[in-house]
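Counting from 1, one number per residue, gives the positions in the sequence shown under the numbering used here. Ideal Cβ placement from N, Cα and C applies to all residues, glycine included. These notes concern the structure reproduced below.
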Amino acid sequence: MPSEPEPRPAVAAPRRPVRALARLAGVTVLAGALVVGVSATALAAPAPSADAVRVSAAPTTTAAEDAARPPRTTHGPCAYTETPDEPAARPVPLPPDPRRTPARGSVRVTLATNHGPIGLTLDRAAAPCTVQSFLHLVGKRFYDRTPCHRLTAYPTLSVLQCGDPSGTGEGGPGYRYRDELPTDLPPAPTDPTGERRVYARGVLAMANAGPDTNGSQFFLVYANSALRPNYTIFGEVDAAGLATLDRIAAGGVAPTAEDPAPVDGAPALPVTIRKAVRWHHHH
Numbered sequence: 001m002p003s004e005p006e007p008r009p010a011v012a013a014p015r016r017p018v019r020a021l022a023r024l025a026g027v028t029v030l031a032g033a034l035v036v037g038v039s040a041t042a043l044a045a046p047a048p049s050a051d052a053v054r055v056s057a058a059p060t061t062t063a064a065e066d067a068a069r070p071p072r073t074t075h076g077p078c079a080y081t082e083t084p085d086e087p088a089a090r091p092v093p094l095p096p097d098p099r100r101t102p103a104r105g106s107v108r109v110t111l112a113t114n115h116g117p118i119g120l121t122l123d124r125a126a127a128p129c130t131v132q133s134f135l136h137l138v139g140k141r142f143y144d145r146t147p148c149h150r151l152t153a154y155p156t157l158s159v160l161q162c163g164d165p166s167g168t169g170e171g172g173p174g175y176r177y178r179d180e181l182p183t184d185l186p187p188a189p190t191d192p193t194g195e196r197r198v199y200a201r202g203v204l205a206m207a208n209a210g211p212d213t214n215g216s217q218f219f220l221v222y223a224n225s226a227l228r229p230n231y232t233i234f235g236e237v238d239a240a241g242l243a244t245l246d247r248i249a250a251g252g253v254a255p256t257a258e259d260p261a262p263v264d265g266a267p268a269l270p271v272t273i274r275k276a277v278r279w280h281h282h283h
């Protein structure tokens with residue numbers, strides 16, 4: 001049996017085939033990665049500023065000038081960086097990046113899906129930059145009305161992957177940021193090499209396309225999985241959310257003409273995040 005693909009963003013658009021394959025988190029393409037690819041058709045252009053509308057405004061830049069401009073990076077500790085070659089699947093600004101990134105406490109978010117709620121508790125201490133970006137995308141409604149495009153059902157990789165508005169597995173927010181990797185995960189008993197760790201049932205983690213390429217795609221672990229510790233863990237799924245995930249997983253992976261009994265692909269029961277809601281606690 002081929003090694004499992006990992007939680008990476010989907011393979012990138014055909015125009016950059018080499019990078020696309022690399023996205024599969026170091027796993028063979030057959031295996032499937034928890035990867036986040038970015039689609040070529042994503043919308044890149046930011047909305048024009050008010051100044052651009054004035055008659056006296058300076059002429060707009062050409063595409064060539066835009067391409068020549070270095071990608072913008074925020075100035076705080078998280079250094080969120082534009083990815084002009086992987087434009088946003090849905091327009092969204094760079095996240096705030098305060099000098100003192102909140103690194104204590106937890107934040108509750110609920111993903112209201114067509115199969116029921118998935119409650120998340122985000123852990124700022126474990127991954128402050130990741131939580132900050134995720135909450136930014138929730139606040140900008142980036143995740144509203146988006147599909148969860150990938151379900152895996154390997155014995156050692158059992159996850160639902162979401163967070164790409166394009167639904168292709170290639171879409172992201174038009175920026176990337178660094179990893180905040182776990183260091184205390186137990187070794188996976190199924191891996192004799194000792195390289196893989198247990199990403200336990202209930203873990204919420206980021207998909208990526210290699211080191212320091214986090215964007216918007218994330219995965220929810222519904223059964224203990226064995227992965228190299230290359231994926232930022234930034235929270236956990238609540239009991240009601242796990243019940244929702246179990247219902248989705250029970251439906252299996254949608255069969256295709258090429259593979260009538262797949263273990264990695266679109267969920268047979270289509271999953272839509274209708275709305276992502278942050279809960280503000282008042283003390």
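Buried or exposed by the 16-neighbour rule on C-beta atoms within 10 Å, applied to residue i
| i | result |
| --- | --- |
| Glu-258 | exposed |
| Asp-184 | exposed |
| Val-36 | Interpretation of Val-36 is limited by its pLDDT of 49, a score under 50 that renders its predicted location unreliable; the figure taken from the coordinates is listed afterwards. It is buried - the Cβ of Val-36 has at least 16 other Cβ atoms within 10 Å. |
| Gly-241 | buried |
| Pro-173 | buried |
| Thr-232 | buried |
DSSP-derived helix/strand/coil call for residue i
| i | result |
| --- | --- |
| Ala-47 | Because Ala-47 sits at a pLDDT of 37, beneath the cut-off of 50, its placement in the model cannot be relied upon, and the following sentence gives the value as read from the coordinates. In the structure shown, Ala-47 sits in coil (DSSP, three-state: anything other than H, G, I, E or B). |
| Phe-134 | helix |
| Arg-278 | strand |
| Ala-126 | coil |
| Gly-241 | helix |
| Gly-252 | coil |
| Asp-144 | coil |
| Ala-188 | coil |
| Thr-28 | Unreliable placement is indicated for Thr-28, whose pLDDT of 36 sits below 50; no coordinate value is reported for it. |
Beta-carbon proximity of residue i to residue j, cut-off 8 Å
| i | j | result |
| --- | --- | --- |
| Tyr-222 | Ser-158 | yes |
| Ala-266 | His-149 | yes |
| Arg-72 | Glu-86 | no |
| Val-131 | Val-92 | no |
| Thr-156 | Thr-193 | no |
| Ala-253 | Pro-260 | For the record, residue 253 in the displayed sequence is Val; it is not Ala. No. |
| Leu-245 | Leu-227 | no |
Element boundaries [beta strand (DSSP E), containing residue i]
| i | result |
| --- | --- |
| Asp-179 | Segment: none, Asp-179 is in no beta strand (DSSP E) and carries neither H nor E. |
| Cys-162 | 158 to 162 |
| Ala-112 | 106 to 113 |
| Arg-150 | 150 to 152 |
| Arg-197 | 197 to 199 |
| Ser-205 | In the sequence on display, residue 205 carries Ala and not Ser. Unbroken beta strand (DSSP E) run through Ala-205: 203 to 206. |
Below-8 Å beta-carbon distance, residue i vs any chain C residue
| i | result |
| --- | --- |
| Leu-151 | No chain C appears in this structure, which consists of one protein chain only. |
Note to self: Any contact between the segment 235 to 252 and the segment 187 to 204? By contact I mean 3 or more CB pairs, one from each, below 8 Å.
What the structure shows: yes
Note to self: Under 8 Å, with one C-beta from each stretch per pair, do the segment 185 to 192 and the segment 162 to 177 reach the 3-pair mark?
What the structure shows: no
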